[in-house]
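Peer 1:
Residue numbers (the working numbering), protein chains in the order written: chain A, 63 to 404; chain B, 63 to 404.
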C-alpha cells in the first residue's frame, strides 16, 4: 500500500548565518519505500517548532548532534501509524516522536533517535502533547521544580511567558504557591498571561522598561528566574535577585540568530553578591520521569487549573516562515505546524 | 599610657574610577583616646590586602556596605592588644579582626563589625592567620567543598592559582583526590604552584594560550572551576566544562577596575548544554564553621601537606602601592602589609 505515497521533506541546505533564510532549506520529495519487519510508517499530523531548532542547525558540540547538511530537519511531532510490521504498534495508533520536517516517517519502531511513545487522544487534544504534555511542558515542570526548587511565597519571574515553556512554568509556580511575574512581548500576550493563565503580573518588554517592571511587580525581589531569552532581560533580572536566588537557563532565544558573539550577562557578579546560582537544564535528563509530569499536568488540565494556548500554522510548505515567527516573537502560544488533518 | 600615642590612618578620599589613584586616599593622623570600660586598644601588626577591597570602595548595594568617604579604609588584620578594659582580653593577646588601614584600633572588644577573635601564635606564624587560616583559606575551603562538591578523580581548575585563595583551593582539591590545574600569571608563579604546592599542572595565562593549556592539561574536561578572575579566562574555561560541572564564582579581579561594563561570560550557554551550574560564594556565610576549616587546615600545615606563601610588604605608608600590586598581579602569594614588628 505504501509504494504510491510521496514524502515531502525539508532538508537543511546550508548552515544559516544569523536568521535562517529560504535558501538554507531544500524542499524535496521522495517515494515512501515498503516497510520491512519491525518497521512502522507514521504519517505526520503535527510538528513542534521550537527555538532549540536554531541550535541544531549549527555545527559544533552541543547536547545533541547537529542536523547534517542534506539531512531532513529534525523536529518532534505527533503522527498516526498508517502501516506497521512492528510488535506493539498498530495502524491508527497515535505516536509522539522525532518525526522530522516531513510528511512521513519510516523505520524501525524502536529507533532510539525517533524515541516513539504512544499518546492517548482521549486524554487531551493532540496539540497539547506538543505543549504542556510534551517537551515544553516537561522542560517547564522539571526545570522549575528540580532546579528552581520553588517554595510557597517566593517570587518567580519567567521570560517568554506566553511561549510554550513560559506558560507552563508560571502555572506550575502558581500551583506551588509562588508569586509569578511574566515577561512577554506586547500587550496581548501580557493580558493573556495575567487574565487567562493567572500570573500575578506581566511586563511587556516591547513597550515598557523591564527594570521598572521588576521593581514594581517584584517588591520582595526575585527568588527564581526561569530564563528563555538571555540578553538584556537576563541582565535586568540579575540586578533584582535575592540571596540564594536560582536562575534556570533554559534558552536564550534573543541570541540564537546573532552574527556577533553571544551577549554574556554583564551582571553575573550579582551571583556572587547574592550567593545565587545559575544552572542550565536539558529536558532529556528527566525522560525516565516524564510520566510523572504528564500525569500531574493532565490532572491540572482536567481540573481547569492548567491552561495552554497553541498557535497552529497549517501546511508543511509553510515551515520556513513559521520557524521565523518564533525568532520574531510573532507566535502567540506554543507554535505548531499542522502537516495533515487528524 | 595611651594618650601619647598617635594613630596614622588611610581614609577613603574619593570613589575611584578604574584603578585606585593616590588622590583617592587621605593619609591622616590623630591621637589615640583613652580606652573606656569594655574597650580594647589593638596595635595593628599585619593587614590583609584583598581584591575584595576594590568593591568596598564603590557605592551601591553589595554583600557588605561600602566604605564611606572619609572613613578609615576597611581591612582585616592581626594585632596585639596593648590596653584592655574588656573581659576576656588582656594585654599581649593576639587578635584577628577588621582593624582597618591604621596603626591602632580602639573600641568595644565585642564590636560586631570588628568581629575580634583570639589567635594562637604558637599554632602558626601570624601571617598564616591572614592566609590559609584566615578569610582566603576559609573561602577556598568552604567554597570548594560546599559549592564545588569535589569527588576523587575529578578535574579542578583554579584561576589566581598562586594567590591567597587559589593556593589553598588547589591543595584542598588534591587532598580530596582531584586532578588540579592552576592558571597563574608568569613562569615563576606556575613553577611554584606545581613544584611547591603539588598542583598537577599550571597554565601561564600571560605567556601561553589558556585554551590550549586547558586542552593539554584537562584531557577529561573540567568538572570544577574555581574562578577568582572572571573575564576571558572564565569564557575559555566554559568551553571545556563537563556535564554537571560546577563553577564557583569567588571573584573577578580582571574586572574590578573596569571603566567599561563588566565583561559577562559570552559562553554562559555552555551551562545549558552541559547542565552545569555557576554559583557565587561569600565566605561570611560559613562563619559558624570556620573552626572546622581552621582545625583541618592547621593539621595539614603541621603535617606538611598544606603549604602557603605570603608576600609581605613593610610599612603602613606603602598601602596604596601595595594594593595596586594585587590588581597588576605583582604580588606572589597572599599579599600582606606589615604595619608593626611583632
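A virtual CB, placed ideally from N, CA and C, is assigned to each residue, including glycine.
What does DSSP give as the partner residues of residue 69 of chain A in its beta bridges?
Peer 2: A:92.
Peer 1: Is residue 63 of chain A buried or exposed, if buried means 16 or more other CB atoms sit within 10 Å of its CB?
Peer 2: Since pLDDT at residue 63 of chain A reaches only 49, below the 50 mark, its modelled position is unreliable, and the value read off the structure follows with that caveat. That one is exposed.
Peer 1: Would a C-beta distance cut-off of 8 Å place residue 162 of chain B and residue 200 of chain B closer than the cut-off?
Peer 2: No; because the gap between Cβ atoms is not below 8 Å, this pair is not in contact.
Peer 1: How about the region 105-112 of chain B and the region 172-183 of chain B: do they share at least three Cβ pairs that are nearer than 8 Å?
Peer 2: Touching, no.
Peer 1: Quick one, which of B:291, B:83, B:87 has its alpha-carbon nearest residue 74 of chain B's?
Peer 2: The option with the nearest alpha carbon to residue 74 of chain B is B:87.
Peer 1: What residues in the region 316-331 of chain A bring their beta carbon closer than 9 Å to a beta carbon of chain B?
Peer 2: For the region 316-331 of chain A, which is checked against every Cβ of chain B, the residues closer than 9 Å are 317, 323, 324, 325, 326, 327, 328, 329, 330, 331.
Peer 1: Provide the residue span of the alpha helix (DSSP H) that contains residue 363 of chain A, from first to last.
Peer 2: 352-365 is the extent of the alpha helix (DSSP H) around residue 363 of chain A.
Peer 1: For a test of the three-state rule: what should DSSP assign to residue 64 of chain B, helix, strand or coil?
Peer 2: Reliability fails at residue 64 of chain B, whose pLDDT of 45 lies under 50, so the model's placement of it is uncertain and no value is given.
Peer 1: Going along the chain, which residues of its own chain have a beta-carbon closer than 6 Å to the beta-carbon of residue 102 of chain A, five neighbours each way excluded?
Peer 2: Around residue 102 of chain A: 143, 146, 148, 151, 171.
Peer 1: Could you tell me which chain A residues have their CB closer than 8 Å to the CB of residue 121 of chain B, listed as they occur along the chain?
Peer 2: In chain order: nothing, as chain A lies at least about 14 Å away.
Peer 1: Run through chain A and tell me which residues come within less than 8 Å of residue 340 of chain B, C-beta to C-beta.
Peer 2: Neighbours of residue 340 of chain B on chain A, chain order: 330, 333, 339, 340, 341.
Peer 1: Given a limit of 7 Å on CB to CB distance, which residues of the region 120-141 of chain B reach chain A?
Peer 2: From the region 120-141 of chain B, only 124, 125 have a Cβ closer than 7 Å to chain A.
Peer 1: For residue 178 of chain B, name the three-state secondary structure that DSSP assigns.
Peer 2: Coil, per DSSP.
Peer 1: Excluding the five sequence neighbours on either side, which residues of its own chain have a C-beta within less than 7 Å of the C-beta of residue 90 of chain A, listed in chain order?
Peer 2: Excluding residues within five positions, the ones whose Cβ falls inside 7 Å are 71, 73.
Peer 1: For residue 332 of chain B, which residues of its own chain have a beta-carbon under 8 Å away from its beta-carbon, when the five flanking residues on both sides are left out?
Peer 2: If we look at residue 332 of chain B and ignore the five residues flanking it on each side, its Cβ neighbours are 300, 301, 303, 338.
Peer 1: Return the residue from the list A:279, A:183, A:358, A:177 that minimises the CA-CA distance to residue 220 of chain A.
Peer 2: The shortest Cα separation from residue 220 of chain A among A:279, A:183, A:358, A:177 belongs to A:279.
Peer 1: Would you give the residue range spanned by the beta strand (DSSP E) that residue 305 of chain A belongs to?
Peer 2: Element bounds for residue 305 of chain A: 303-311.
Peer 1: Going by other Cβ atoms of all chains shown within 10 Å of its Cβ, with 16 needed for buried, is residue 249 of chain B buried or exposed?
Peer 2: Residue 249 of chain B comes out exposed.
Peer 1: Just list the beta strand (DSSP E) runs in the region 90-162 of chain B, keeping only unbroken ones of 3 residues or longer that don't cross its boundaries, in chain order.
Peer 2: Fully enclosed beta strand (DSSP E) runs of 3 or longer: 101-110, 138-146, 156-160.
Peer 1: Closest Cβ-Cβ distance between residue 347 of chain B and chain A: below 8 Å?
Peer 2: Cβ-Cβ to chain A under 8 Å: yes for residue 347 of chain B.
Peer 1: Count the other CB atoms, across all protein chains shown, that sit within 10 Å of the CB of residue 361 of chain B; report buried if there are 16 or more and exposed otherwise.
Peer 2: The residue is exposed, with fewer than 16 neighbouring Cβ atoms inside 10 Å.
Peer 1: Can you tell me whether residue 344 of chain A is helix, strand or coil according to DSSP?
Peer 2: Residue 344 of chain A: coil per DSSP, three-state reduction.
Peer 1: Who are residue 339 of chain A's beta bridge partners in DSSP?
Peer 2: A:308, B:341, per the DSSP bridge assignment.
Peer 1: Thinking just about the alpha-carbon of each residue, which of B:277, B:244, B:251 is nearest to the one in residue 263 of chain B?
Peer 2: Residue 263 of chain B has its Cα closest to that of B:244, out of B:277, B:244, B:251.
Peer 1: To the nearest angstrom, how far is it from the Cα of residue 67 of chain A to the Cα of residue 212 of chain A?
Peer 2: Straight-line Cα distance between these residues: approximately 50 Å.
Peer 1: On a Cα-Cα basis, can you pick out the residue from A:389, A:404, A:395 that is closest to residue 83 of chain A?
Peer 2: Selected option, being the one with the closest Cα: A:389.
Peer 1: Which residue or residues does DSSP assign as beta-bridge partners of residue 169 of chain A?
Peer 2: For residue 169 of chain A, which the question treats as bridged, DSSP gives the partners A:102.
Peer 1: Please look up how many angstroms separate the CB atoms of residue 313 of chain A and residue 290 of chain A, rounded, as I've assumed it's under 8 Å.
Peer 2: With a Cβ gap of about 5 Å, residue 313 of chain A and residue 290 of chain A count as contacting.
Peer 1: Which runs of the beta strand (DSSP E) fall wholly inside the region 172-259 of chain A and span at least 3 residues, in chain order?
Peer 2: If we require 3 residues or more, the beta strand (DSSP E) runs fully inside the region 172-259 of chain A come out as 217-221, 241-246.
Peer 1: Name the two residues that bound the continuous beta strand (DSSP E) containing residue 263 of chain B.
Peer 2: Segment 263-266, the beta strand (DSSP E) holding residue 263 of chain B.
Peer 1: Report the rounded CA-to-CA distance for residue 392 of chain A versus residue 349 of chain B, giving the unit in angstroms.
Peer 2: Approximately 51 Å, taken between the alpha carbons.
Peer 1: Report the rounded CA-to-CA distance for residue 253 of chain B versus residue 228 of chain B, giving the unit in angstroms.
Peer 2: C-alpha separation (whole angstroms): 14 Å.
Peer 1: Would a check of beta-carbon distances place residue 304 of chain A closer than 8 Å to chain B?
Peer 2: Not an interface residue.
Peer 1: Does residue 401 of chain A come out as helix, strand or coil in the three-state DSSP assignment?
Peer 2: If DSSP states are grouped into helix, strand and coil, residue 401 of chain A belongs with coil.
Peer 1: Could you compute how far the alpha carbon of residue 317 of chain B sits from the alpha carbon of residue 340 of chain B?
Peer 2: Each residue's alpha carbon lies about 18 Å from the other.
Peer 1: How would you label residue 119 of chain B, buried or exposed, when you count the other beta carbons within 10 angstroms and need 16 or more for buried?
Peer 2: With 16 or more other Cβ atoms within 10 Å, it is buried.
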